[in-house]
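Data first, discussion second: the structure below is written as structure tokens.
There are 2 protein chains.
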Amino acid sequence: MTLIQLEYIIAVDTYRSFVAAAKKCFVTQPTLSMQIQKLEESIGARIFDRSKQPVVPTDVGVEIIRQARVALMESRKINEIVQLKKGDLEGELRIGVIPTIAPYLLPRVLSGFMQKFPKLQLQIWEYTTEKIIHELKAGLLDCGILSTPVYDAALAERPMFYEPFVAYVASSSDLFQKREVTSEDILADKLWLLTEGHCMRGQVLNICQRKRSMEPEGTFEYNTGSVETLKRMVDVNSGSTILPELSIADFDEDQLCRIRYFQSPEPVREISMVTTHNYLKKQAIDALEKEIIASVPKKFKSKKKKDVVGFD
Amino acid sequence: MTLIQLEYIIAVDTYRSFVAAAKKCFVTQPTLSMQIQKLEESIGARIFDRSKQPVVPTDVGVEIIRQARVALMESRKINEIVQLKKGDLEGELRIGVIPTIAPYLLPRVLSGFMQKFPKLQLQIWEYTTEKIIHELKAGLLDCGILSTPVYDAALAERPMFYEPFVAYVASSSDLFQKREVTSEDILADKLWLLTEGHCMRGQVLNICQRKRSMEPEGTFEYNTGSVETLKRMVDVNSGSTILPELSIADFDEDQLCRIRYFQSPEPVREISMVTTHNYLKKQAIDALEKEIIASVPKKFKSKKKKDVVGFD
DNA sequence: GTCATGTTATCGATAAAATCGATGTAAAGA
DNA sequence: TCTTTACATCGATTTTATCGATAACATGAC
């Protein structure tokens with residue numbers, strides 16, 4: 005058994021194809037096939053059922069692959085130990101961030117973080133929650149920054165802060181007259197929503213206590229994945245929307261006028277650093293986590309007197 | 005990095021010598037040296053300080069080796085998964101047992117256990133507690149059966165039963181007249197003791213509340229490592245000794261006459277299955293554990309109304 | 001200091017392996 | 001049925017691991 009063979013079976017499991025796996029491993033398909041055959045022979049068990057298309061792991065193969073991931077992970081930690089001692093993390097850090105956090109949070113932390121680890125190649129991927137979870141499990145991402153809980157036992161989530169939602173209302177709206185708003189107010193108003201697939205859409209609907217199934221009535225049907233677009237819709241048209249508080253950091257005075265905070269307990273979303281349980285690049289990820297926690301307003305850090313909103 | 009390289013550095017760490025490690029790995033010393041050099045080069049750190057004699061790991065080397073043990077362990081579990089699925093454990097199981105347990109416990113369980121795992125090569129090593137702990141940590145033993153607690157964070161102990169101590173008294177002794185004995189009685193009598201290094205010696209001294217430092221007065225100085233010898237000494241000469249209850253199982257009537265049980269709470273020793281935390285051959289070891297628990301008298305299984313005696 | 005001894009590093013040769021490109025075979029889709 | 005896609009097989013080639021011999025080095029005895 006060699007570590008390379010373990011990498012090969014993990015690649016095949018990930019891509020469900022010998023050809024694709026070979027490409028990702030930078031070897032030819034016969035090489036990969038041969039090595040996997042040798043591994044199967046040496047342990048005395050078939051790992052993949054090649055009669056199915058696409059290939060699937062056998063029963064015992066599933067467990068072997070799970071254990072192979074663990075073994076490979078532990079072997080890679082040896083390199084991390086060295087880098088840690090040298091004090092200079094190298095390699096790449098692949099971060100998945102949901103689109104309703106990324107543009108507002110990352111600019112606050114990335115420059116500082118990159119200065120601390122100059123040799124680290126940062127890769128940011130803006131994905132939906134679902135996609136981030138999938139890629140984390142497949143080992144294609146190192147960590148995810150997303151709204152939790154995600155209720156997945158394979159993942160470890162470490163809450164970093166609780167970001168309040170705020171209402172953004174057109175001056176033509178009735179809500180504009182109020183100093184604070186409640187979820188009932190929102191319900192009555194016309195509401196710009198993110199398109200399906202964004203966890204924040206679910207959270208906003210939960211705030212308004214609208215069921216996902218029943219299409220909210222007073223909602224403009226304009227499918228956008230961008231919080232920025234929601235804001236502009238309110239600016240240019242009318243109605244209201246709900247924004248995460250970090251997104252209003254660089255609003256001008258005119259725009260701030262249209263912000264309405266929620267009555268206590270204000271609705272918030274829990275933002276966590278999510279990894280697999282036995283994760284690599286711990287040093288870098290833990291540092292990023294600290295950097296993020298330090299970068300958000302103090303009042304975000306406690307969830308007391310707040311209403312943590314789920315998205316399911 | 006290859007698994008073989010990890011094996012090599014672990015061997016060098018274990019034997020503190022390239023030559024000895026090479027021998028144990030069944031390769032020549034240049035081969036082992038080369039591979040370790042390649043590993044050091046690939047991770048970019050020196051693992052061993054060869055200027056010292058015997059060789060010692062560097063600071064970072066210590067951590068690398070610790071992690072290498074983990075990685076190798078996890079990779080070996082892959083083979084166990086296969087064997088587990090086949091339902092037939094192969095390979096060898098190296099068991100360390102202290103001499104005051106081995107001859108009385110093992111005959112009760114080994115034949116049954118070997119029938120269940122016919123392909124398993126059993127290796128029994130009679131060692132002192134100290135030696136078993138050392139070999140477990142070095143990975144030279146798979147599990148140990150010994151008296152606990154041993155207070156070693158690197159090891160996991162799972163108590164299996166609580167074995168009472170009984171007194172064995174010559175008919176010429178005053179104690180012979182009593183139906184039950186107490187630790188005070190023993191203190192007054194002449195006592196045959198095991199030689200230094202046996203944990204049971206410490207336990208017996210603790211029962212009598214004698215300090216280790218002060219050499220017990222009424223003790224015959226005959227250094228033996230065998231419980232059987234203690235018994236014979238009492239048989240042939242006089243005085244008394246303390247035996248573990250399992251050792252009296254095949255006593256004849258005459259010998260049973262000389263047994264005196266302790267007054268409640270009777271002194272007992274805790275006998276545990278000891279492994280490292282992340283141990284291999286789990287399947288076999290767990291089965292052995294069950295076999296042992298099933299083989300001892302029911303009354304051994306609870307520690308209620310008993311006085312668990314340490315040996316330090 | 002010198003010598004004997006034991007330990008690790010280095011070297012060239014050789015055996016073992018991993019990999020490649022070409023090709024064969026079997027299954028899935030048009 | 002034909003085409004396409006995917007995995008297995010084969011021989012050639014490159015790469016790697018290992019060996020035996022030897023050099024370099026450290027340690028302890030004298």
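Going line by line, the protein sequences match chains P and H. Offset between the first sequence (1-based) and this note's numbering: plus 4. Offset between the second sequence (1-based) and this note's numbering: plus 4. Positions of the beta carbon are idealized from the N, C-alpha and C atoms, including for glycine.
Query: Residue-level contact to chain P via CB, threonine 6 of chain H, 8 Å cutoff; Result: yes
Query: Under 7 Å by beta carbon: chain P residues contacting asparagine 340 of chain H; Result: The question about residue 340 of chain H has no answer here: the residues shown for chain H are numbered 5 through 316.
Query: Status (buried if at least 16 other CB within 10 Å, exposed otherwise) for threonine 104 of chain H; Result: buried
Query: Interface residues of the segment 66–80 of chain H facing chain P [CB-CB below 7 Å]; Result: Glu67, Ile68, Gln71, Ala72, Val74, Ala75, Glu78, Ser79
Query: Backbone secondary structure at arginine 350 of chain H - three-state DSSP; Result: In the structure displayed, chain H extends from 5 to 316; residue 350 of chain H sits before or after that span and is not available.
Query: Beta-carbon neighbours of valine 64 of chain P, restricted to chain H and to distances below 7 Å; Result: Ile85, Val86, Lys89
Query: Stretch pair the segment 86–104 of chain H + the segment 163–179 of chain H: three plus CB contacts closer than 8 Å; Result: no
Query: Start-to-end residues for the alpha helix (DSSP H) that takes in tyrosine 108 of chain H; Result: 106–120
Query: Residues that glutamine 125 of chain H bridges to, as DSSP identifies them; Result: H:Glu96
Query: Span of the alpha helix (DSSP H), counted from its first residue to its last, around glutamate 293 of chain H; Result: 286–299
Query: Contact belief for arginine 124 of chain P with glycine 95 of chain P at Cβ below 8 Å, rounded distance in angstroms; Result: One point to set straight first is that residue 124 of chain P is leucine, not arginine, in the sequence displayed. Confirmed, Cβ separation roughly 7 Å.
Query: Nonlocal neighbours in the same chain, by C-beta distance under 8 Å from serine 175 of chain H, ignoring five residues either side; Result: Cys261, Arg262
Query: For serine 318 of chain H, the three-state DSSP class (helix, strand or coil); Result: Coverage of chain H is limited to positions 5 through 316, which leaves residue 318 of chain H absent and any answer about it impossible.
Query: 8 Å Cβ cutoff met for leucine 247 of chain H and tyrosine 172 of chain H; Result: yes
Query: For glycine 206 of chain H, the three-state DSSP class (helix, strand or coil); Result: helix
Query: Inter-residue spacing [alpha-carbon to alpha-carbon] between glycine 206 of chain H and aspartate 316 of chain H; Result: 6 Å
Query: Short Cβ contact (8 Å threshold) for isoleucine 68 of chain H with isoleucine 85 of chain P; Result: yes
Query: Continuous beta strand (DSSP E) stretch holding threonine 186 of chain H: start and end; Result: Segment: none, threonine 186 of chain H is in no beta strand (DSSP E) and carries neither H nor E.
Query: Alpha helix (DSSP H) segment containing serine 46 of chain H, residue limits; Result: 33–47
Query: Neighbour flag for isoleucine 14 of chain H against chain P, beta carbons, 8 Å; Result: no
Query: Sufficient close CB pairs (3 or more, under 8 Å) joining the segment 49–67 of chain P to the segment 64–78 of chain H; Result: no
Query: DSSP-derived helix/strand/coil call for alanine 26 of chain H; Result: helix
Query: C-beta atoms of valine 278 of chain P and leucine 159 of chain P nearer than 8 Å; Result: yes
Query: Cross-strand partners of glutamate 130 of chain P (DSSP beta bridge); Result: P:Val101
Query: Spatial distance of alanine 24 of chain P from valine 16 of chain P (CA atoms); Result: 8 Å
Query: Span separating the alpha-carbon of tryptophan 196 of chain H from that of leucine 292 of chain H; Result: 33 Å
Query: Where serine 244 of chain H falls, given that 16 or more other Cβ within 10 Å makes a residue buried; Result: buried
Query: CA nearest to the CA of tyrosine 283 of chain H, picked from H:Lys310, H:Leu97, H:Gln57, H:Arg273; Result: H:Leu97
Query: Beta-carbon proximity list for glutamine 87 of chain P, same chain, < 7 Å, skipping 5 on both sides; Result: Leu93, Glu94
Query: Where aspartate 254 of chain P falls: helix, strand or coil (DSSP); Result: coil
Query: Beta carbon of arginine 363 of chain P nearer than 8 Å to that of glutamate 184 of chain P; Result: Shown here, chain P extends from 5 to 316; a query on residue 363 of chain P therefore has no answer.
Query: Assumed close pair serine 46 of chain P, methionine 5 of chain P - CB separation to whole angstroms, cut-off 8 Å; Result: 6 Å
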